[in-house]
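A.B. asks: Mind having a look at this structure? Questions to follow.
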Amino acid sequence: PVTLADLAAKPLLSLSPGYRLTEIVERLAALAGTQVSRDYQGATLDAVRQMAVMGAGVAVLPSLYALGEAIRDPDFILRRLDHPEARHEIALHWRRTSPMNSAFEKLTTALVAVKEEIRAARAEQFP
C-alpha cells in the first residue's frame with residue numbers, strides 16, 4: 322500500500338471540480354502536503370489514467386475502475402492508498418412503503434455480493 326507520506330512531493334491527478342472523487346482527492350492532497358494538478362484535470366477516469374501514464378502525476382482512482390484497468394493492462398501499476406479518508410461511501414435509499422421494496426432488497430444483496438467479490442479479487446491480485 323501507498324501512504325500519504327509517499328505522495329508528499331507528487332502532484333495528484335483527478336477529475337474536474339464538481340465530482341465527489343475530486344473532493345476526496347483534494348482532501349487527501351491537503352493531508353499529504355501536496356497539490357491536485359490544475360494543469361491536468363480529466364473529464365473521465367480514462368483521461369485521468371492516461372495523464373498519469375504520460376507522467377503528469379499520480380492518478381487517484383476508484384478501486385473498482387482501477388482493478389479492471391490493471392487486469393486488462395499488465396503495464397498499469399496499481400497500489401492501494403492506505404488512509405481512512407481514501408474512501409467513498411455509496412448508499413441506497415428508498416421508502417419503506419415502496420411497492421419496489423422487495424426488488425430494492427434484492428439489489429442491495431447483489432451489490433454487497435459484488436463488493437465482496439471485488440475486495441477478494443483486489444486482495445488476491447494486489448496484496
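Taking this note's numbering, the leading residue of the sequence shown gets 322, the next gets one more, and so forth.
Each residue gets a CB set at the ideal place from its N, CA and C atoms; glycine is no exception.
Since we're looking at a predicted model, the values are computed, not measured.
1) What does the Cβ neighbour count give for Arg370, buried or exposed, with the cut at 16 atoms within 10 Å?
2) Note the first and the last residue of the continuous beta strand (DSSP E) segment covering Val357.
3) What is the DSSP secondary structure of Ser419, reduced to helix, strand or coil?
4) Within a Cβ cutoff of 8 Å, which residues of the same chain sit near Ser337, ignoring the five residues on either side of it in sequence?
5) Could you check what DSSP says for Leu388 in three-state terms: helix, strand or coil?
6) Use the C-beta contact count for Ser423: other C-beta atoms within 10 angstroms, 16 or more gives buried, fewer gives exposed.
7) Could you give the first and the last residue of the continuous alpha helix (DSSP H) run that contains Leu342?
8) Leu402 bridges to which residues according to DSSP?
9) Using only alpha-carbon positions, find the residue among Ala442, Ala329 and Ile411 that is nearest to Leu388.
10) Give me the Cα-Cα distance between Val374 and Leu402, rounded to the nearest whole angstrom.
11) From which residue to which residue does the alpha helix (DSSP H) around Leu334 run?
12) Less than 8 Å between the CB atoms is what I'm expecting for Glu406 and Leu352, so what's the real figure, rounded?
13) Can you grab the Cα-Cα spacing for the pair Pro395 / Arg416, in whole Å?
C.D. replies: Let me spell this out:
1) buried
2) Segment Val357 to Gly363, the beta strand (DSSP E) holding Val357.
3) coil
4) Here the set comprises Thr343, Gln362, Gly363 and Ala364.
5) helix
6) exposed
7) Arg341 to Ala353
8) Its beta-bridge partners are Val323.
9) Ala442
10) 18 Å
11) Taken as a continuous stretch (DSSP letters only), Leu334 belongs to no alpha helix (DSSP H), being part of the beta strand (DSSP E) at Leu333 to Leu336.
12) 7 Å
13) Pro395 and Arg416: Cα-Cα distance of roughly 44 Å.
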